[in-house]
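First up is the structure itself, then whatever we jot down about it.
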Amino acid sequence: MAESDTVYVLVPASEAQQLEADKYTYSSWGAPLLTLDEYLDREHALCASAFAKESLTGYVLVPATTPSTVDILCYVEVFKRPVWYNGARLYGYSVGSVYTPEQHRKKGYASIMLRLVLAYMRADQQQHQPDNASSVNLVISNLYSDIGPSFYASKGWAVHASEQLILPSTHAMLSTSRPPSVTAVDSLDVLAQVCQADVTRMQQLTCSSAVYFELTPSVADDAFILWTHDFKRNVLSILRCHAATAATFAVLMDAALVEARQWHLASVVTWNPHPAWLDDQLISSVETRTESLPSLLVSNGHDTVHHPVQWLANDKYAWV
1 MAESDTVYVL
11 VPASEAQQLE
21 ADKYTYSSWG
31 APLLTLDEYL
41 DREHALCASA
51 FAKESLTGYV
61 LVPATTPSTV
71 DILCYVEVFK
81 RPVWYNGARL
91 YGYSVGSVYT
101 PEQHRKKGYA
111 SIMLRLVLAY
121 MRADQQQHQP
131 DNASSVNLVI
141 SNLYSDIGPS
151 FYASKGWAVH
161 ASEQLILPST
171 HAMLSTSRPP
181 SVTAVDSLDV
191 LAQVCQADVT
201 RMQQLTCSSA
211 VYFELTPSVA
221 DDAFILWTHD
231 FKRNVLSILR
241 CHAATAATFA
251 VLMDAALVEA
261 RQWHLASVVT
271 WNPHPAWLDD
281 QLISSVETRT
291 ESLPSLLVSN
301 GHDTVHHPVQ
311 WLANDKYAWV
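See below:
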């Protein structure tokens, strides 16, 4: 352990520390679209959501001698989430909202905090991971870098595929001779069924095997697409899409384009589209992102796993 790791501590943010962190982050993640009060209300509402209540903890880096101070040195959010690895359901950790107040920047606090975050994840993993000798020391964590690939890679989070398909909302998908029907999901119960089927499919894909198969038309009847309206960026963001063929993807994407036009959004953005979905027309609309770079850490004990790890379903739904 570095000496600095004993001088500073990572603690769950108190109510006062969380408020201070939210005030600091407002200029980056709230302004100018929201007032400070609106931003604080939004953050409170997000933290009160069912997802946040069961998975999110905000942490602050503070001097070990004054752990309750509101003069926080650095802030981070950690989401504890289920993850499938080699067919086993484990706990993983999504790291987000890494933020250093301006007066404390360029002093190495973010690096110290990330070391302590990793130490916390290792300790939590050993205490709460399902009793499996092969995975009790395994730490899996993802984050999304807005500062390029190098900084987080030096801490163990390696950048993975970061392509995106951007289609203007005026785009017209090529028609198919017999387009399948598309039905809007307007029931949370139906949505839960769709998501559970997708989770089961992910589990099957992560089972140890020398064979990785392509999805075939035989499962086209459970194709689906989930999206969200990103008004700040003026786009319709595709959170998750499952389609067996390029023709099915075209139908789903056409529905997304209609939605974007109805909401006067400029474009539809899909992260890491499956190569099988892309014809020559769509390939020309794929680019590499420079922000929100998906980064993954897989660590066994105190060492990073260096053999190739395939990140399945590297889609926007996992972003925090």
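Numbering (full-length UniProt numbering), first residue to last: 1 to 320.
Ideal Cβ placement from N, Cα and C applies to all residues, glycine included.
Look up residue i in the DSSP assignment and give the residues it is bridged to.
i    : result
D230 : V235
R89  : W84
I225 : C241
Y317 : Note: Y317 sits in no beta bridge, so no partner.
F79  : L56, S94
A158 : L296
E163 : T288
L278 : For L278, which the question treats as bridged, DSSP gives no partner whatsoever.
L10  : L61
P168 : S267
What is the DSSP secondary structure of residue i, reduced to helix, strand or coil?
i           : result
S28         : helix
T57         : strand
I72         : coil
residue 323 : This structure gives no information on residue 323, because the portion of the chain shown stretches from 1 to 320.
A45         : helix
V182        : coil
L188        : helix
T270        : strand
P308        : coil
L40         : helix
L19         : helix
M173        : coil
A220        : In this prediction, A220 has a pLDDT of 42, which is less than 50 and means its spatial position is unreliable; nothing more can be read from the coordinates.
C195        : helix
L34         : coil
T200        : helix
T66         : coil
F213        : Note that F213 scores a pLDDT of 35, beneath 50, so its modelled location is shaky; the value from the coordinates is reported in the next line. In this structure, F213 counts as coil in the three-state DSSP scheme.
Would you call the CB atoms of residue i and residue j closer than 8 Å?
i    : j    : result
A276 : A246 : yes
D316 : W271 : Before going further, note that residue 316 is Lys rather than Asp in the sequence given. Yes, the pair counts as a contact, with Cβ atoms nearer than the cut-off.
P294 : A110 : no
V83  : V95  : no
L205 : L312 : yes
G92  : C207 : no
L257 : A223 : no
R81  : S49  : no
L188 : P273 : no
L167 : W157 : no
M113 : S141 : no
V78  : T57  : yes
V269 : L278 : no
E15  : I72  : no
S169 : R261 : yes
H242 : D198 : yes
A250 : M202 : no
For residue i, verify whether its CB is less than 7 Å away from any heavy atom of the ligand FMN.
i    : result
L191 : Among the ligands in the structure shown, none appear at all, so the ligand FMN cannot be discussed.
Length at least 3, wholly inside the region 92 to 156: the beta strand (DSSP E) runs in chain order: 138 to 145
At least 3 beta-carbon pairs within less than 8 Å: the region 225 to 243 vs the region 255 to 270: yes
Given 8 Å, three or more beta-carbon pairs between the region 10 to 26 and the region 49 to 67: yes
Inter-stretch contact (C-beta, 8 Å, three-pair minimum) for the region 20 to 30 and the region 92 to 107: yes
Three CB pairs or more closer than 8 Å across the region 147 to 161 and the region 285 to 294: yes
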